[in-house]
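> I am attaching a structure below and will ask some questions about it afterwards.
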Amino acid sequence: MTDQVRVRFAPSPTGYLHVGGLRTALYNYLFAKHHGGKFVLRIEDTDQARKVEGAIENLISTLEWAGIRYDEGPNREGAHGPYIQSERLAIYREHADRLVERGKAYLCFCTPERLEEVRQHQIKAKLNPAYDRHCRDLPLDEAERRQAQGERHVIRMKVPITGDMRFHDLIRGDVTISYDVLDDQVLVKSDGFPTYHLAVVVDDHLMEISHIIRGEEWLPSVPKHILLFQYFGWDVPKLAHLPLLLNPDRSKLSKRQGDVAVEDYRTKGYLKEAIVNFIALLGWNPGDEREIFTLDELIKEFSLERVGKAGAVFNVEKLNWLNFEHLRKKPDAEVLVMLKEHLDRSAVSKRFEDEYLLNVIRAMRERVTFVKDFVEKSPYFFRSPGEYESDVVKKRWQQETPARIRKLAEEFSRLRNPQKEDYEAALHRTAESLKINQRDLVHPVRLAVSGMGAGPGLYDILFILGKEETIRRMNSAIERLI
RNA sequence: GGCCCUAUCGUCUAAGGGUUUAGGACGUGGCCCUCUCAAGGCCAAAAUACGGGUUCGAAUCCCGUUAGGGCUACCA
């Protein structure tokens, strides 16, 4: 075993990448990169019943989208492949046989019916349901004879009857679990596939994993794994069990209470930078008061020592804020690309010049959380107002307003190639000659050209829209608003 | 039920026994700025689950209680 840090993310391909899974992947990745080590992606598809078509591809593309690049894994073979467990069946079988030979595991011929019956009896007798070790002491020759006859069987590990397992977890400290709450775990199922417990130990060893960083739900099965490492005569990797991600009601993060698939958030328009940043902060903090991080900064700062022990609620409000912050940090040109992509996908059919869109971006930057907000919060940059917000009309559009707007439109029409300041000066002049406050013109004009009462500075809007469009909208408002 | 883990503002968290009138952030409310809305600035409300110990001193260490979560499969 080398001294190099090698960690893995080992999801089972059951459909989509869960945000909890993404965080586990992220922490592994950050830990690996922080220490100049390798990040391995391994697919744990040993349950044939739960196989989902396309899940692996989906998992990989989501991971790559988030910027979490694996060094070894499916489609990126290293020296430890294959990285999909269903392609490693012979390896597991061979190792299981080794354990049987050494008397550390045994063949079990109990039927599911008998197991269920035993379980029912135990429950009735208020005992902990566990395998009764019926086949544990079958003579090896008898077991081999029955196996040769093709009798259906599983392979179970032998867990010591008494004593306990004490181990150290990098996040939780020392943990002790008594053997009498463990049963003789199935290692190889009757379909020949290994269970998680066998596969994870064999693969973590063979792939030279130095640190196992995974969710807290695995903590109770650590003793089984350590036992297996010992039965094989292998070193045990360092362990770190991450706190869980929680629903707002503090139960384990699940569907039903909001979105849990990373792609859901992606579709909603969250930036990968925001999701990664947010998820990193769910259970980890840098120790100072910084909150905005890029992936590279996270790599630099991350340490397991600063990972907390308590579960963390996935709080969308803060994610929104981070999205806002990361979107704001992006250069105009980059936002332009995203806005154009969004426009292509949306119902807005009209084409806009890059320069026009850049102006919209500059005007709206401080006002949007998502790229889609450019259109949703300022639709007037993309089409003339279909209707006017009624409460704003009520407040800003008085009886004398049409005449004033008409006069201002005339003033505007005399401008040649107007800049922002020219609109402002023209409005100022008009207000003076009308002997009214500027705001008595500003608000109605805003309403006329945008249909709304809120938005960027009026002169920014007018400049972006351009003289012709501005005047056209002003006249249109005069006709449509009474 | 049994076993394991966890417990600081609504949420994410800081404080590694004295530097603490428990700090920051999101969100919430107010004020300032201002053509509106934002952004920004300032301010405010808001927490150590409870009970015992240990100690000169406890959010911090120990025990118990309570609460929450996880696990308890031929699922991962």
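Just so you know, we're using my numbering here: the first sequence kicks off at 574 and counts up by one. For every residue, glycine included, the Cβ atom is placed at its ideal position computed from N, Cα and C.
According to the neighbour-count rule (16 or more other Cβ atoms, all chains shown, within 10 Å of its Cβ), is V754 buried or exposed?
Here residue 754 refers to the residue found at position 181 when the first sequence is read from its first residue. Burial call: exposed.
> Please report the distance separating the alpha-carbon of E630 from that of S919.
Start at 1 with the first residue of the first sequence, and residue 630 comes out as number 57. Start at 1 with the first residue of the first sequence, and residue 919 comes out as number 346. Cα to Cα, the separation comes out at about 27 Å.
> Counting Cβ pairs closer than 8 Å, one from the stretch 794–805 and one from the stretch 824–840, do we hit at least three?
With a cut-off of 8 Å, the stretch 824–840 and the stretch 794–805 do not count as touching, because too few Cβ pairs lie within range.
> Within 10 angstroms of its Cβ, does R661 collect 16 or more other Cβ (buried), or is it exposed?
As a position in the first sequence, residue 661 is number 88, starting the count at 1. That one is buried.
> Please report the residue range of the beta strand (DSSP E) in which D737 lies.
As a first step, residue 737 is located in the first sequence; it is residue number 164 there, counting from the start. It spans 737–742 - the beta strand (DSSP E) in which D737 sits, taken as one unbroken run.
> For T768, which three-state DSSP category applies?
The residue labelled residue 768 in the question sits at position 195 within the first sequence. The answer is coil: DSSP assigns T768 none of H, G, I, E or B.
> Measure the beta-carbon distance from D757 to V732 and round it to whole angstroms, keeping in mind my assumption that it falls under 8 Å.
The residue given as residue 757 occupies position 184 in the first sequence. The residue given as residue 732 occupies position 159 in the first sequence. Yes, D757 and V732 are in contact; Cβ-Cβ is about 6 Å, under 8 Å.
> Considering only C-alpha positions, which residue in the set L1031, M780, K828 is nearest to L1014?
Counted from its first residue, the first sequence places residue 1014 at position 441. Of the candidates L1031, M780, K828, the one whose C-alpha sits nearest the C-alpha of L1014 is L1031.
> Give the straight-line distance between the Cα atoms of L603 and P810, rounded to the nearest whole angstrom.
Mapped onto the first sequence, residue 603 falls at position 30. Mapped onto the first sequence, residue 810 falls at position 237. Each residue's Cα considered, the two are about 18 Å apart.
> Do the CB positions of I728 and A669 come within less than 7 Å of each other?
Counted from its first residue, the first sequence places residue 728 at position 155. Counted from its first residue, the first sequence places residue 669 at position 96. Yes, the pair counts as a contact, with Cβ atoms nearer than the cut-off.
> Just to confirm my understanding: we take I872, look at its own chain, exclude 5 residues before and 5 after, and list those with CB closer than 7 Å. What are they?
Within the first sequence, the letter at position 299 stands for residue 872. Result list for I872: L603, K606, H607, in chain order.
> Roughly how many angstroms lie between the CA atoms of L988 and K968, to the nearest whole one?
Along the first sequence, read from residue 1 onward, the residue named residue 988 stands at position 415. Along the first sequence, read from residue 1 onward, the residue named residue 968 stands at position 395. If I take the Cα positions, the gap works out to 29 Å.
> Could you check which residue in L760, L844, G610 has the C-alpha nearest to that of F897?
Along the first sequence, read from residue 1 onward, the residue named residue 897 stands at position 324. When each option's Cα is compared against that of F897, the closest is L844.
> Count the other CB atoms within 10 Å of the CB of N701; is the residue buried (16 or more) or exposed (fewer)?
In the first sequence, residue 701 corresponds to position 128, counting from 1. Answer is exposed; the Cβ neighbour count stays below 16.
> Quick check on this structure: which residue in H915, M1047, P712, S763 has the alpha carbon closest to the alpha carbon of D946?
Position 373 of the first sequence, counting from 1, holds the residue named residue 946. Of the candidates H915, M1047, P712, S763, the one whose C-alpha sits nearest the C-alpha of D946 is H915.
> Looking only at its own chain, which residues have a Cβ that is under 7 Å from the Cβ of G640, when we skip the five neighbours before and after it?
In the first sequence, residue 640 corresponds to position 67, counting from 1. The answer, listed in chain order, is K845, V849, L868.
> Have a look at V966, H770, W791 and flag the residue whose alpha-carbon is nearest the alpha-carbon of R1053.
As a first step, residue 1053 is located in the first sequence; it is residue number 480 there, counting from the start. With distances taken between Cα atoms, R1053 lies closest to V966.
> So for M730, helix, strand or coil by DSSP?
Translated into the one-based positions of the first sequence, residue 730 becomes position 157. Of the three classes helix, strand and coil, the one that applies to M730 here is strand, per DSSP.
> Answer with buried or exposed for M1047, where buried requires no fewer than 16 other C-beta atoms within 10 angstroms of its C-beta.
What you label residue 1047 is simply residue 474 of the first sequence in a count that begins at 1. Buried, because 16 or more other Cβ atoms sit within 10 Å of the Cβ of M1047.
> Would you tell me roughly how many angstroms separate the C-alpha atoms of Y961 and G1026, rounded to the nearest one?
Taking the first residue of the first sequence as position 1, residue 961 is located at position 388. Taking the first residue of the first sequence as position 1, residue 1026 is located at position 453. In a straight line, the C-alpha of Y961 is about 9 Å away from that of G1026.
> Looking at the strands, I want to know which residues DSSP matches up with L819.
Mapped onto the first sequence, residue 819 falls at position 246. Answer is K825, V886, bridged to L819.
> Let me know the secondary structure DSSP gives G593 once reduced to three states.
Along the first sequence, one-based indexing puts residue 593 at 20. Of the three classes helix, strand and coil, the one that applies to G593 here is helix, per DSSP.
> Less than 7 Å between the C-beta atoms of D716 and L680, yes or no?
Within the first sequence, the letter at position 143 stands for residue 716. Within the first sequence, the letter at position 107 stands for residue 680. The residue you asked about is not Asp; residue 716 is Ala in the sequence shown. Contact flag set, yes.
> Do you know offhand how far I782's Cα is from V948's?
Translated into positions along the first sequence, residue 782 becomes position 209. Translated into positions along the first sequence, residue 948 becomes position 375. Cα to Cα, I782 sits roughly 48 Å from V948.
> Would you kindly work out how many angstroms separate the C-alpha atoms of R1057 and K923, rounded to a whole number?
A query on residue 1057 cannot be resolved here, the shown segment of the chain reaching from 574 to 1055 and no further.
> Figure out for me which residue from F955, P1017, I734 has the closest Cα to the Cα of Y929.
Here the question's residue 929 lines up with position 356 in the first sequence. Ranking the options by Cα distance to Y929, first place goes to F955.
> Can you tell me whether D747 is helix, strand or coil according to DSSP?
By 1-based counting over the first sequence, the position of residue 747 is 174. DSSP places D747 in strand when its eight states are reduced to three.
> Going by Cα to Cα distance, which pick from V774, M730, Q720 is closest to G676?
Along the first sequence, one-based indexing puts residue 676 at 103. Minimum Cα distance to G676 is reached at M730.
> Excluding five sequence neighbours on each side, which residues of the same chain lie with their C-beta closer than 6 Å to the C-beta of T749?
Sequence index remark: in the first sequence, residue 749 carries index 176 (1-based). Correct list, in chain order: D737, R739.
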